[in-house]
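First up is the structure itself, then whatever we jot down about it.
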Amino acid sequence: MKISANFDAGNIRVLAADSPDNIKLSIRNDNQSDFYQWFYFKLDSTPFTEHTINIGDLARSAYPEGWTDYQAVASYDRQEWFRVETSFDGDNLTISHTPEHNHTYFAYFAPYSYERHLDLLAIAQTSFDCQLHHLGETLDGRDMSLLQIGHPAEDKKVIWITARQHPGETMAEWLVEGLLERLLDEDDGVSRNLLDKAVFYIIPNMNPDGAARGHLRTNAKGVNLNREWDAPSMENSPEVYLVMEKMAETGVDLFLDMHGDEALPYNFVAGSEGNPGYSKRIKSLEDAFKNALLIVTPEFQDDKGYDKDEPGQANMTVATNAIGEKYDCLAYTLEMPFKDNALLPDPAYGWSPARCKQLGEDVLVAVNAVVDSLR
């Protein structure tokens, strides 16, 4: 029996693995950081034998409440990821599974590999409406890549979409994949209307270093990118610095930042109501966006989410607040669950890549509902 994580986005530490009923593991911290929660590893063992896998020391993990009612995902082919029996006692996560093949992969959520990320960029650039731009390099020397979709014009709105500031939130890039597929579909009426009126700037992966390293929340230097938007630097957060530099060239009329939430089993948005410049105009745009999304998909809801900031009390280091204030624009963080959507549970797959991609397509309907009113 062997357990390994020496591959793209892999993360696990083996404490014991001497029999199928005595597998003890722990999760490595993000580099130079106290954050840990993302895991991804391969079990090489005897099929049709029940295995009990214990991942310990989780009371001190980044989000201990994220383990309650959580079910891990597994795959034999790294294409189809299904939920497996999982329990949590307050400090230990126990996965019970009888594998059908010699090799089984387990992960916190369906991984989105760096190779798939590169494929997404390469395929997108072959569309007539899309250009792939290089903004610069990360601390580990990876490309910061931007997809420009549509052709800029003075009368066109400027829409920015970012994903995976927190690299373990892979559902964010799955969503972007679905959004791109629809936006680049020349036969889709929503897409055609949007590209007549707007140009999109999309960063499918804001944190490629953290993603490849198997981090939950930080870049190569242990920096949480979503706390860098007030004063990014090339030394600590080149990912944010380069994106803000490009935003200064293009302007921003709408900003969407895609994330995943460990604890809340819902899809929801968080706005910029605590910003000093928050106005009735921004609130009207927020409401129109939410109402459109509520109509188009039952996967979205607006009853559960984060507590709203008091007026003038927003954290201005966070992307949504910083960009919403700087450009006086509609800015939303969209959150998806690591668990399942409690409103539409699926015991076999939970919240899944396919559902993320569909939500990405649906987000374009909400963008279409507000595009004429953005400025």
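Count the sequence shown with our numbering and you get residues 8 to 382, in order.
Virtual Cβ for every residue (Gly too), placed ideally from N, Cα, C.
Below 8 Å, enough C-beta pairs join the stretch 40-48 and the stretch 217-232 to call them touching: three or more. LYS297 counts as buried, since no fewer than 16 other beta carbons sit within 10 angstroms of its beta carbon. Of the residues PHE345, LEU125, TYR83, LYS290, the one whose Cα lies closest to the Cα of SER359 is PHE345.
According to the DSSP secondary-structure assignment, TRP167 is paired through a beta bridge with TYR208, PHE262. Between the stretch 337-355 and the stretch 305-314 there are three or more C-beta pairs closer than 8 Å, enough to call the two in contact. Taking a C-beta distance under 9 Å as the contact criterion, THR105 and ILE60 do not qualify as a contact pair. Each residue's CA atom was taken as its position, placing LEU261 and VAL183 some 16 Å apart. Between LEU187 and LEU202, the gap from beta carbon to beta carbon reaches 9 Å or more. For the stretch 239-286, the continuous beta strand (DSSP E) assignments of 3+ residues that do not extend past its boundaries occur at 261-268, 275-277, in sequence order. Looking at the DSSP output, ALA338 bridges to PHE262. The residue from GLU122, VAL372, MET241 with its alpha-carbon nearest to that of GLU144 is MET241.
As computed with DSSP, LYS311 is found in no beta bridge at all. Counting only the Cα atoms, ALA355 lies some 25 Å from LEU32.
Here DSSP, grouped into helix, strand and coil, assigns GLN86 to coil. Of all alpha-carbon atoms in PHE55, GLN172, ALA277, ALA79, the one lying nearest the alpha-carbon of LYS311 is that of ALA277. With three or more CB-CB distances shorter than 8 Å, the stretch 151-158 counts as touching the stretch 122-134. In the three-state scheme derived from DSSP, where H, G and I count as helix and E and B as strand, PRO318 is classed as coil. Per the DSSP secondary-structure output, THR327 pairs with nothing in a beta bridge. Relative to PHE14, the option among ASP136, ARG85, ALA329 whose CA is nearest is ARG85.
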